[in-house]
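Encoded as structure tokens, the structure appears first; notes follow it.
Protein chains in written order, with the numbering used here: chain A, 66 to 260; chain B, 4 to 176; chain C, 5 to 173.
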């Protein structure tokens, strides 16, 4: 390239240092990009469920798969979590911190079902500026984040169904967002075997 | 209808918070201040939202506020034409017998206005804050269609908060 | 920053001085919209010819008046927008300000409208307008040679007016 002389050129992307420095993206830039992503996908679907389940979640899934790859390389010395609680706390703290700059508000085990776990956020970053119109019912743009979580879990060998829900909080105007993780049967069986 | 190179952009949402003093007609000096109405002029639509105990006296029906908004837009443009000096951006403050109207125009020609009790201070700051809320909670919302009435829950919540906070600050003084 | 409708005043404006000379121009209209008097002290910018300028000013006042009457938050029953109102009827306005000028407006019970355009940072001029109205009564109305409804051509009124407006700070 002409005129770029001073900037060091890496012939191979893998030679680039994986800097752990603060690499924050402008929240506004992200908000506008995410807004466009939702708007584009809205034009491509027939119903809201499709937008939530397949479109946003799939977009997130791709992010999750990559994030897992990157973080295992950076933080774990090319190892991955193999235990259920290990991978959950990896999502709750490491992944969350890299993506949203903070640890998730809470990680809980479902009371009714053994295979359900919940990650809750008082205000999910992607939902910061989004008001859901009344006619869209329980639609939640957190489906994108649910997709990321599913991508991470799937890549690490913990297939699960992940969904995002609004949960009203007493004394608060705004509901919080809960990411519900329902692990596949095989995961729990394996976990039981490992003891 | 065009004025200069700017398109007519008219839309209002209005919000009214009545003052808490017993006699609402009597201005109480430096004590109670009322923000009667907050508006946004934009693109051929009028929108009123968050009508908190609006009261019959301040109410305008949709057609009326549409007319008022488009009239205000033309007045704003004409006031620029009548300036004795070049570089006029239009009316910033209109002082009437019973209220003050502060107007703020963004780069794109969207007008924000606040109708308040005569002599209320620091309305420019409030308007700029409302503009900020608009860019955050309306423009970044994927479900908002440009140039349509604003129905964004988060915007309403934050707007109400901003005005209440403003009032608390005034009362505390 | 001129982007935001301009709370700041453009630097080219003459600084407001204590010695006065803040007046830009003045209009007097009667109730039919006839411009009885137009005085100009400092007006570098003319966008229109004089007749159109007067028409536009009267239209602006008329519309702003009906707008304020309609927007008045304290009166429940209001006439429709654009319906002419009698002097003193409904809520009216007394001034507006842009980044380049301030316009102060007064309407007498007989429908005489006095408009004074000054520097944007001048204070409340309602009393000054009352004084000018007083001058009008003294030197114009009491002048036997003046026919009501015709443009004002009274030397004495003009000189006193010029003198007075110069003293406004």
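The C-beta atom is built at its ideal place from N, Cα and C for all residues, glycine as well. Because the structure is a prediction, the values reported are computed rather than measured.
- Looking only at C:121, C:130, C:170, the smallest Cα-Cα distance to residue 112 of chain C is reached by C:130.
- The alpha-carbon separation between residue 212 of chain A and residue 125 of chain A amounts to approximately 4 Å.
- Close partners of residue 162 of chain C in chain B (Cβ separation under 9 Å) are lacking, with about 19 Å as the shortest Cβ gap.
- Every alpha helix (DSSP H) of 4 residues or more that sits fully in the stretch 196-259 of chain A is shown, in chain order, as 208-220, 250-259.
- In this structure, the alpha-carbon of residue 183 of chain A lies about 25 Å from that of residue 96 of chain A.
- Distance from residue 231 of chain A to residue 205 of chain A at the Cβ level is roughly 6 Å; contact confirmed, criterion being Cβ atoms closer than 8 Å.
- Residue range 54-75 is occupied by the alpha helix (DSSP H) that includes residue 61 of chain C.
- Cβ proximity to chain B below 7 Å picks out 121 from the stretch 107-140 of chain C.
- For a cut-off of 8 Å, the C-beta gap from residue 221 of chain A to residue 92 of chain A is around 28 Å, too long to register as a contact.
- Contact between residue 130 of chain B and residue 117 of chain B holds: CB atoms are separated by about 6 Å, below the 8 Å threshold.
- Chain-order list of chain A residues neighbouring residue 156 of chain B: 196, by C-beta distance under 7 Å.
- Residue 102 of chain C places its beta carbon less than 8 Å from that of residue 86 of chain B.
- For residue 238 of chain A, the chain B residues whose C-beta falls within less than 8 Å of its own C-beta are 160, listed in chain order.
- In this structure, the straight-line span from the alpha carbon of residue 198 of chain A to that of residue 100 of chain C is close to 39 Å.
- For the C-beta of residue 148 of chain B, not a single chain C residue is nearer than 7 Å; the gap to the nearest is close to 25 Å.
- With contacts defined by Cβ atoms closer than 8 Å, residue 91 of chain C and residue 115 of chain C form a contacting pair.
- Scanning chain B for C-beta atoms nearer than 9 Å to the C-beta of residue 98 of chain C yields 98, 99, 100, reported in chain order.
- The beta carbon of residue 173 of chain A lies closer than 6 Å to those of 183 in the same chain, with the five residues before and after it left out.
- Scanning the stretch 85-170 of chain B for uninterrupted alpha helix (DSSP H) segments of 4 residues or longer gives 126-136, listed from N- to C-terminal end.
- One thing to note: residue 97 of chain B has its Cβ within 8 Å of the Cβ of residue 97 of chain C.
- Burial state of residue 111 of chain A is exposed, judged by a 10 Å Cβ sphere holding fewer than 16 other Cβ atoms.
- The Cβ atoms of residue 178 of chain A and residue 169 of chain A do not sit closer than 8 Å to each other.
- Judged by their CB atoms, residue 107 of chain C and residue 121 of chain C are nearer to each other than the 8 Å cut-off.
- In the displayed model, residue 130 of chain C falls within a helix according to three-state DSSP.
- Rounded to the nearest angstrom, the gap between the Cα atoms of residue 189 of chain A and residue 237 of chain A is 15 Å.
- Of all residues in the stretch 47-63 of chain C, only 47, 48, 49, 51, 52, 57, 60, 61, 63 come within less than 8 Å of chain B when Cβ atoms are compared, listed by chain position.
- When DSSP reads this structure, residue 122 of chain C sits in a beta bridge with C:27, C:106.
- Under the Cβ distance rule, residue 121 of chain B does not count among the residues neighbouring chain A, no pair being separated by less than 8 Å.
- Among the residues of the stretch 87-99 of chain A, those with a Cβ less than 8 Å away from any Cβ of chain B are 93, 96, 97, 99, in the order of the chain.
- Note on geometry: alpha-carbon atoms of residue 146 of chain A and residue 243 of chain A lie some 23 Å from one another.
- Around the CB of residue 116 of chain A, 16 or more other CB atoms lie within 10 Å, so the residue is classed as buried.
- Spatial neighbours of residue 107 of chain A in its own chain (CB-CB distance under 7 Å, excluding positions within 5 residues in sequence) are listed in chain order as 116.
- Shown here, residue 99 of chain C sits in a strand according to DSSP, grouped into three states.
- For residue 164 of chain B, the closest alpha carbon among the candidates B:133, B:138, B:150, B:139 is that of B:133.
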